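Reading through the structure tokens given below for one structure.
In our numbering, the protein residues as written are 43 to 142.
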């Protein structure tokens, strides 16, 4: 099985920090659990990045955007060759089209 390199953009790193900080204010245990789930999900993309669907938006689909769902959060990424670029991590209720 081919291994893909993971490249996490600064925007996605900041998104993850903001998410964990927000959830941590409510529950430290929940924040740690969510962090682990998101990081594990991202890690799994290094093995099978094409398993997640392309986005429905024609513009974002044309750019190769895929989405991994982790609880209420969406991990947006693009596969370029043998690299998986993690672009953003956003709450599922956000209007993400303008943020990607």
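Positions of the beta carbon are idealized from the N, C-alpha and C atoms, including for glycine. This one's a predicted model, so the numbers in the text were calculated from it and none came from an experiment.
Does DSSP classify residue i as helix, strand or coil?
{"i": "residue 118", "result": "strand"}
{"i": "residue 44", "result": "coil"}
{"i": "residue 137", "result": "coil"}
{"i": "residue 93", "result": "helix"}
{"i": "residue 142", "result": "coil"}
{"i": "residue 132", "result": "strand"}
{"i": "residue 49", "result": "strand"}
Are the beta-carbon atoms of residue i and residue j separated by less than 8 Å?
{"i": "residue 73", "j": "residue 62", "result": "yes"}
{"i": "residue 87", "j": "residue 126", "result": "yes"}
{"i": "residue 130", "j": "residue 54", "result": "yes"}
Have a look at residue i and residue j and give me their C-alpha separation to the nearest angstrom.
{"i": "residue 76", "j": "residue 45", "result": "25 Å"}
{"i": "residue 133", "j": "residue 118", "result": "11 Å"}
{"i": "residue 97", "j": "residue 69", "result": "32 Å"}
{"i": "residue 58", "j": "residue 89", "result": "21 Å"}
{"i": "residue 104", "j": "residue 85", "result": "24 Å"}
{"i": "residue 123", "j": "residue 106", "result": "12 Å"}
{"i": "residue 143", "j": "residue 67", "result": "Outside the displayed range of the chain (43 to 142) lies residue 143, so it cannot be described from this structure."}
{"i": "residue 128", "j": "residue 71", "result": "25 Å"}
{"i": "residue 56", "j": "residue 136", "result": "16 Å"}
{"i": "residue 110", "j": "residue 48", "result": "14 Å"}
{"i": "residue 64", "j": "residue 121", "result": "29 Å"}
Can you tell me which of the options puts its alpha carbon nearest to the alpha carbon of residue i?
{"i": "residue 138", "options": "87, 116, 59 and 124", "result": "116"}
{"i": "residue 112", "options": "140, 79 and 54", "result": "79"}
Identify the residues that DSSP records as bridge partners of residue i: which are they?
{"i": "residue 64", "result": "Residue 64 pairs with nothing; no bridge assigned."}
{"i": "residue 108", "result": "96 and 119"}
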